[in-house]
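Below you'll find the structure, written out as structure tokens, and then a few comments.
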Amino acid sequence: MKKIVILLLSALLLTGCTTQNKNSEITFWTLQMGDFTGYINKIINEYEQEHPNVKIKWVDVPFSEGEKRTLAAVMTDVPPDLINLNPDFSALLAQKGTLWKIDEEKLDGFNSEIVEALKYNGEVYSIPWYATSAITIYNKDLFSKSQIIRLPKTYNELASISAKIKENTGAFSYLPTITENDTMIKILNKYGISDVEDYDSPQSIKIFEMYKKLYQNGLIPPETITNTHREALEQYMAGKVVFYQGGANFLNMIKENAPQVYSNTDVAEQIKGSVGQNDFSVMNFVIPARAKNKEQVLDFCLYLTNEKNQLELAKMTNVIATNDNALKNDFYNDYSSLTAKARSLSAKQINRIVPIYRQKQNQKEINLMVNTAVQSILLNKDSTENILRQMKYKIPN
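What the sequence shown shows, in our numbering, is residues 3 to 399, in sequence order.
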């Protein structure tokens, strides 16, 4: 009997040791982060050293394939454990019930406005990674020649000084890319107009009319009707426009391609609407509902996105950290150079991003309808009110 007991105890101890030492593997996907292989592998190695029972498998997915591959993967029994996505697609997956709901208290270390912006139906399904927020890049020399004293802070102020800029400098105030993607929709949101039902409201009509007058009076370039932000940047580098809205990363392009313009360039906060919030973009991580060891996966994700690792990524790029302590770092209070100033301004804008525009399920159709309406309005094909009313009723539910 004694021998049997000893054998049983030995078996239990052996089983316990085997279970305890068993490795768990976390597979995580990023979107086009191949240029940062050293950075990510270093984090993986550090985490594995601190957690010897955990193995991390990293897969970098081409940006263009991210949504398609993710949608297929989360429906399987063995999806990736952690996936890097944009908030709009993350919300779509949450709507389909394919994501794990995260305890909001676990994200106390992140910027509260970003966490709020990532919520779906009041619940958290995403962990923020990094963000960007456009600033106003402007030509100091041309602005000085315009004889305008104060920099514009809103779209209305910018519109009101466009005639004087053109008269005194021969340049346009800016090239608004209002037919590109969801640009016009984001402008409307800055005026508190976020519902399709309000796109033909008196306030909305005023905003469309503002651009119509600018266009028809020759105060914004004819290319406004078709050009993208890249083409608008080319106009800025050619000295043909005074203001350009874009990320801090565009400063390097200006410096390399138009050094004379760069020497006359300064930055300011992004142009706002009446609500006063800022546009931003963010990349996040999600954990599929069918992922294994979800708490361990979350622990790794919080390690990947902690203050130290976010700051290191920010210093390698022009992205903005989403970790609160990282955002308070002196790195984001540096105005010693143009790039540092742009970065600091951009980081401070993250503290005023709500209310954000929530992407709809049929967002691509809405974008197309609004952009088509903008073109019709600028070309004066009908009254602004009629065009917007007709557009609103054509948008599919």
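All C-beta atoms in this analysis are idealised placements derived from N, C-alpha and C, irrespective of residue type, glycine included.
Cutoff 8 Å; reference residue i; Cβ partners in own chain excluding five residues on either side
i	result
Asn286	Asn86, Leu87, Asn88, Pro89, Ser92, Leu120, Ser128, Ile129, Pro130, Trp131
Ser148	Ile163, Lys166, Ile167, Asn170, Thr171, Val244
Glu367	Ile397, Pro398
Met3	No answer about Met3 holds up, because its pLDDT of 45 lies below 50 and its placement is not dependable.
Thr230	Thr179, Glu182
Met35	Ile42, Asp62, Asn86
Range covered by the beta strand (DSSP E) that runs through residue i
i	result
Glu27	26–33
Ala133	128–134
Ala270	267–270
Ser114	No beta strand (DSSP E) contains Ser114, which is instead part of the alpha helix (DSSP H) from 114–120.
Thr138	137–141
Ser348	No beta strand (DSSP E) contains Ser348, which is instead part of the alpha helix (DSSP H) from 340–351.
Val376	Note, Val376: premise wrong, no beta strand (DSSP E); alpha helix (DSSP H) at 365–380.
Val198	Segment: none, Val198 is in no beta strand (DSSP E) and carries neither H nor E.
Gln247	243–248
Tyr395	Here Tyr395 belongs to no beta strand (DSSP E); instead the alpha helix (DSSP H) covers 386–396.
Ser175	174–176
Cut-off 6 Å between Cβ atoms - residues of its own chain near residue i, not counting five sequence neighbours on either side
i	result
Asn23	Unreliable positioning characterises Asn23 in this predicted model, as indicated by a pLDDT of 45, which lies under 50. A coordinate reading is not provided.
Gly68	Leu33
Asp384	none
Tyr1	Absent from the structure is residue 1, since the part of the chain shown begins at 3 and ends at 399.
Asn364	Pro398
Asn55	Asn25
Own chain residues within Cβ distance below 7 Å of residue i, not counting five before or after
i	result
Arg71	Val63
Gly275	Thr156, Tyr157, Ile189, Lys192, Tyr193
Met239	Ile256, Asn259, Ala260, Val263
Ala375	Ile389, Leu390, Met393
Ser146	none
Pro178	Tyr213, Ile222, Thr226
Asn2	It is not possible to answer for residue 2, since the shown part of the chain is limited to 3 through 399.
Tyr217	Thr226, Leu380
Leu1	Outside the modelled stretch of the chain, which goes from 3 to 399, sits residue 1, for which no answer is possible.
Glu125	Lys103
Ser206	Leu190, Ile195, Asp200, Leu390
Cβ-Cβ distance between residue i and residue j below 9 Å
i	j	result
Tyr140	Phe245	yes
Leu390	Asp184	no
Leu404	Val288	The chain is shown only over 3 to 399; residue 404 falls outside these bounds and no answer can be derived.
Ser175	Ile209	no
Ile116	Val269	no
Ala250	Ser348	yes
Leu33	Phe65	yes
Phe112	Asp332	no
Val61	Arg292	no
Lys294	Ser114	no
Ile352	Thr386	no
Thr138	Glu52	no
Phe30	Phe302	yes
Ile358	Gln279	yes
Gln298	Ile42	no
Pro290	Asp83	yes
Residue range of the alpha helix (DSSP H) that includes residue i
i	result
Phe210	204–218
Ile355	Element bounds for Ile355: n/a, residue is neither H nor E.
Tyr238	231–239
Asn327	326–329
Leu401	Since the first and last residues shown for the chain are 3 and 399, residue 401 lies out of range.
**Asked** Which runs of the alpha helix (DSSP H), 4 residues or longer, sit entirely within the stretch 34–60?
**Response** 39–52
**Prompt:** Enumerated in chain order, which unbroken segments of the alpha helix (DSSP H) with a length of 4 residues or greater are wholly contained in the stretch 281–313?
**Reply:** 296–306
**Request:** Inspect the CB distances between the stretch 338–357 and the stretch 170–179 and report whether three or more fall short of 8 Å.
**Result:** no
**Prompt:** Would the stretch 317–324 and the stretch 90–110 be scored as touching if the rule is three or more Cβ pairs under 8 Å?
**Reply:** no
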